[in-house]
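Each residue of the sequence shown is one higher than the one before, counting from 0 in numbering that gives the first Met the number 0. See below for the structure under consideration.
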Amino acid sequence: MHNTKAKMLILVEGSRIDIPLMEHLFRLYRIDADYEIVSYDTNIYTLYNQMFKDGTPEYMDILQALKEREPDRVKKSIFEQSYTDILLIFDLDPQDPQFTYKKISEMMDYFVESTDMGKLYINYPMVESFYHMQAIPDTGYNNRTVTLTELRNRTYKQRVHNENRNKDYLKFARTLEECTTVINQNIEKGWQILSAKPNETLPDNASILNKQLVMLNDHEKIHVLCTCVFFIFEYNPHLLQIHSLS
């Protein structure tokens with residue numbers, strides 16, 4: 000991702016957790032871009048049904064799809080603008096009745112470039128994974144998983160609240176150093192999921208998804224991982240050199 004002046008659209012799944020987190024990251028790292036953070040207000044499988052129901056959505060770009068679905072005039076006007084980058088921040092939500100391996104894999108394979116059709120970042124199992132740390136850094140985070148049963152029973156969010164260092168998301172990772180530590184640990188964990196040695200690049204999002212889907216199929220659980228923070232590295236990797244785990 001370029002670090003020149005950009006105009007960015009960040010489409011997130013929900014407004015309560017997702018928007019404050021993304022706003023916090025943009026402020027803390029002083030992202031020099033004009034940006035709009037907009038809530039889609041439903042999960043990624045609704046977007047799949049709109050864009051992929053007739054096959055590969057070559058005839059429809061993401062902005063067109065969002066504009067056609069959006070009843071709110073303010074949001075619709077946002078989708079009518081042009082952007083240098085589009086980021087899609089969604090949860091895996093494997094407990095959702097609409098979830099299939101095929102759907103999420105097709106989405107990941109299609110949304111690969113922020114300056115074109117948009118880039119997809121999947122949080123495992125959801126955006127609350129950013130806060131699922133008992134300390135900063137957290138020695139147990141790299142082995143932390145969540146079961147499909149927890150997600151079906153809707154107990155995961157309460158678990159995150161109970162295990163969060165501050166028991167208050169607004170107090171978690173508020174400094175640049177702490178937030179950088181959290182991001183670097185998620186990048187490190189991404190490499191661990193791939194059973195690969197960390198290097199100067201990011202672990203591949205599609206490869207992470209494939210590993211997670213195999214684990215879900217074989218063991219009905221996945222690794223807790225927040226990948227929406229990877230965009231900070233892609234925007235400017237030097238922003239994460241303040242405090243490195245490696």
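Beta carbons are placed, not taken as given, at the ideal position from N, Cα and C, and that holds for glycine.
Worksheet item: Which class does Tyr123 belong to by DSSP, given the choice of helix, strand or coil?
Response: Residue numbering aside, residue 123 sits at position 124 when the sequence shown is read from its first letter. Strand at Tyr123.
Worksheet item: Hey, how far is the Cα of Leu8 from the Cα of Met116?
Response: Position 9 of the sequence shown holds residue 8. Position 117 of the sequence shown holds residue 116. Between Leu8 and Met116, the C-alpha separation is close to 12 Å.
Practice prompt. Would you check if there are 3 or more beta carbon pairs closer than 8 Å linking the segment 174 to 191 to the segment 201 to 217?
Written response: yes
Discussion item. Which same chain residues end up closer than 7 Å to Lys166 when comparing Cβ atoms and leaving out the 5 residues on each side of it in sequence?
Written reply: Residue mapping note: residue 166 aligns to position 167 of the sequence shown, counting from 1. Hits under 7 Å: His160.
Worksheet item: Between Ile61 and the rest of its own chain, which residues show a CB-CB distance below 7 Å, the 5 nearest in sequence each way excluded?
Response: On the sequence shown, residue 61 is found 62 positions in, with the first residue counted as 1. Correct list, in chain order: Ile85, Met116, Gly117.
Fill in: Beta carbon proximity, Cys225 to chain B, threshold 7 Å
Looking for chain B here will not work: only one protein chain is present.
Fill in: C-alpha gap between Leu193 and Gln94, whole angstroms
Locating residue 193 in the sequence shown gives position 194, where the first residue counts as 1. Locating residue 94 in the sequence shown gives position 95, where the first residue counts as 1. The alpha-carbon atoms of Leu193 and Gln94 are separated by roughly 23 Å.
Worksheet item: Taking Cβ to Cβ, would you say Val126 is nearer than 7 Å to Ile182?
Response: Walking along the sequence shown from the start, residue 126 turns up at place 127. Walking along the sequence shown from the start, residue 182 turns up at place 183. With respect to the 7 Å criterion, Val126 and Ile182 are not classified as neighbours on the basis of their beta carbons.
Worksheet item: Distance, Cα to Cα, Arg153 vs Pro197?
Response: Residue 153 sits at position 154 when you count from the first residue of the sequence shown. Residue 197 sits at position 198 when you count from the first residue of the sequence shown. If I take the Cα positions, the gap works out to 33 Å.
Worksheet entry | Residues near Asp108 in its chain [Cβ-Cβ closer than 8 Å; skip 5 each side] | Residue 108 sits at position 109 when you count from the first residue of the sequence shown. For Asp108, where only same-chain residues beyond five positions count, the Cβ hits under 8 Å are Ala205.
Worksheet item: Is it a yes or a no for the segment 232 to 240 touching the segment 133 to 153, going by three-plus beta-carbon pairs under 8 Å?
Response: Contact between the segment 232 to 240 and the segment 133 to 153 is absent, because fewer than three Cβ pairs lie under 8 Å.
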